[in-house]
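Numbering of the sequence shown is given in the working numbering, commencing with residue 281 and proceeding in unit increments. For each residue, glycine too, the CB sits at the ideal point set by N, CA and C. As structure tokens, the structure follows; a few thoughts come after it.
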Amino acid sequence: MAEIVRFAPSPTGNIHIGNARTALINWLVAVKSGGEFILRYDDTDAERSRQEYADGIAVDLDWLGIKPHRVEKQSARMASYDEVAQKLKDMGRLYPCYETADELDRKRKRQRARGLPPVYDRAALNLTDEQKTAFEAEGRKPHWRFLLDQETVSWVDGVRGEQSIECDSVSDPVLIRGDGTYLYTLPSVIDDIDMGVTMVIRGDDHVTNTAVQIQLFQLLAGKVPNFAHHNLLTSATGEGLSKRLGSLSLQSMRQDGYEALAVAIFAVIIGTSEPVQPLADMQALADLFALDKVSRNASKFDMADLGPLNARLLHEKSFDEVSTRLEADKVGGDEAFWLAIRGNIEKLGDAKEWWNIVEQGLPADAVSKSDDDADFYATAKSLLPAEPWDNTTWKVWTTAVKGETGRKGKGLFMPLRVALTGRGHGPELAAFLPILGYQRTLDRLS
Ligand code: GLU
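In structure tokens:
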């Protein structure tokens, strides 16, 4: 069935890898089912929502390869929310309450002291019109609670399986604050109904909201979408992710030069039964992914694992796939250069360093040649084959040097590597030597 899904971020900060996980899972379900992905900004909180964050989220999603079929924002839909809220008031399902935060707090403390769950006691339902008028004369503004049906709400969750929540242990939720603004609960349901959402996929921090929202769906639409609540990611030290964790933001990963696909694979596959692995493209990720592979427990992940995955993806990339980006980075190397160095970089930006080593000479922090090797270098230089060079030149040359000096293995290769690249590790020299060419090689041996 073609699923209509939505990703509904609040534009109150940059999105991080955990938010990307929600967005991507929604996207994969849409792609796999031939459905539709709605990007919906939950921006009813005017104080904290910012256009620049909304723009940033659009850029991040685009970079990941998510192309929304439709973009909506809640701030443009207030009239619909007001209309439905009025309907709920008329039905007696939305009722005004006047308790201050302090009063509610004291109520909860008393309940706990008596060993009762801290569920709202519905005292406001018994207020007379005179009492309400008196509160308003004092300057109190009502907040509005949804009168829950005290039933058991059950659903089959796409990730978590059979779920049920006893609504008599849930407080009637506040849907409208004292200042008249909406909490996310009601607008979200109204949007999901109006936009024809068939599956709500989000983090499992929303499981309790689901009972309330299912009651709202039943009341307002007479039917309920499917739900799937994926597990949340925590940092390597077990902390929840927050928008304040700058290093985990998509923006910083993009700026650090990670491959979008590596980030996408990482965000989706961590916390599932599949191992993190390089994949060809988003379609391959969609083929591999299924909601029932998502774990029900929070998953720790380590940003340090992204580098190796990124490297493995790059190692399989053809020159054609990267040439435009290399050019933009002012890396002038051709296909032979790319094939020689791709196994030695973690991020595409690292190619520049190898290109500089070819073009500009040894890096500032080059490993230095040992004085003890002076005779060895002189011999190696005298045996350097004449051009033209190809991938067999290295073998011919080092065989000759070995014969003349009696050196072999590391003692033979390492001083040559150090002289030619300034590094103790790097590309295969058989491939690198023809890129460097005769003259540069000669100079570096001197
Ligand atoms: N704005 C909510 C959030 O970011 C959306 C939750 C939902 O998908 O229903 O958590």
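Query - Euclidean distance between Cα positions of Thr-673 and Ala-540 - result: Going by the C-alpha atoms only, they are around 38 Å apart.
Query raised in the report: Where do the N-terminal and C-terminal ends of the beta strand (DSSP E) with Lys-353 fall, by residue?
Result: Bounds of the beta strand (DSSP E) holding Lys-353 are 350-353.
Query raised in the report: When burial is assigned at 16 or more other CB atoms within 10 Å of the CB, is Val-433 buried or exposed?
Result: Flag for Val-433 reads buried.
Query raised in the report: Considering Gln-506, what are the terminal residues of the alpha helix (DSSP H) in which it resides?
Result: According to the sequence as given, residue 506 is Asn; it is not Gln. Taken as a continuous stretch (DSSP letters only), Asn-506 belongs to no alpha helix (DSSP H), being part of the beta strand (DSSP E) at 506-510.
Report task. Just the C-alpha distance for His-349 and Asn-299, rounded to the nearest angstrom, thanks. Result -> In a straight line, the C-alpha of His-349 is about 19 Å away from that of Asn-299.
Requested in this report: Please name the residue, chosen from Ala-508, Pro-453, Thr-292, Asp-335, that lies closest to Val-439 on a Cα-to-Cα basis.
Outcome: It is Ala-508.
Query raised in the report: Would you call the segment 534-553 and the segment 470-486 touching, i.e. three or more CB-CB distances under 8 Å?
Result: No contact exists between the segment 534-553 and the segment 470-486.
Query raised in the report: Would you say the beta carbon of Ala-288 comes nearer than 7 Å to a heavy atom of the ligand GLU?
Result: Yes, the beta carbon of Ala-288 sits closer than 7 Å to at least one heavy atom of the ligand GLU.
Requested in this report: Take Ala-620 and list the residues in its own chain whose beta-carbon comes closer than 7 Å to its own, dropping the five residues that flank it on each side.
Outcome: Only Pro-707, Glu-708, Ala-711, Phe-712, Ile-715 meet the Cβ criterion.
Report task. Provide the residue(s) that pair with Arg-425 in DSSP beta bridges, ordered along the chain. Result -> Answer is Tyr-375, Val-454, bridged to Arg-425.
Query raised in the report: Is Arg-697 near the ligand GLU, going by C-beta to nearest heavy atom under 7 Å?
Result: Outside the cutoff, so no.
Query - Inter-residue spacing [alpha-carbon to alpha-carbon] between Asn-444 and Gly-460 - result: It is Ser, not Asn, that sits at residue 444 in the sequence shown. Their backbone Cα atoms lie some 31 Å apart in a straight line.
Query raised in the report: For the beta strand (DSSP E) that contains Val-647, what are its first and last residues?
Result: Note, Val-647: premise wrong, no beta strand (DSSP E); not H, not E.
Report task. Within its chain, find whatever has a CB closer than 7 Å to the CB of Pro-558; leave out the 5 residues flanking it on each side and keep chain order. Result -> Cβ within range, chain order: Leu-589, Arg-592, Leu-593, Glu-596.
Query raised in the report: Looking at Arg-373 and Leu-499, is the spacing between their C-beta atoms short of 8 Å?
Result: At a Cβ-Cβ threshold of 8 Å, Leu-499 and Arg-373 count as neighbours.
Query raised in the report: Pro-555 to Ile-549, Cα distance in whole Å?
Result: Cα to Cα, the separation comes out at about 7 Å.
**Report entry** Own chain residues within Cβ distance below 6 Å of Tyr-400, not counting five before or after
**Finding:** In its chain, beyond the 5 residues on either side, Ser-451, Asp-452 have a beta carbon closer than 6 Å to the beta carbon of Tyr-400.
Query raised in the report: Is there contact here, the segment 683-692 with the segment 651-661, by at least three beta-carbon pairs under 8 Å?
Result: Under the three-pair Cβ rule at 8 Å, the segment 683-692 counts as touching the segment 651-661.
**Report entry** Other residues of its chain near Trp-618: CB distance less than 6 Å, five sequence neighbours each side excluded
**Finding:** Counting only Cβ-Cβ distances below 6 Å, and skipping sequence neighbours, we find Phe-599.
Query raised in the report: How would you call Gly-518, buried or exposed, if buried means at least 16 neighbouring beta carbons within 10 angstroms?
Result: It counts as exposed.
Query raised in the report: Which residue or residues does DSSP assign as beta-bridge partners of Lys-580?
Result: Its beta-bridge partners are Thr-514.
Report task. Kindly indicate which three-state DSSP category Glu-416 falls into: helix, strand or coil? Result -> Secondary structure at Glu-416: helix, using DSSP grouped into helix, strand and coil.
Query - Ser-532, DSSP secondary structure in three states - result: Under the three-state reduction of DSSP, Ser-532 is assigned to helix.
**Report entry** Contact set for Ser-313: own chain, Cβ-Cβ below 8 Å, skip 5 residues either direction
**Finding:** Contacts found: Met-281, Ala-282, Glu-283.
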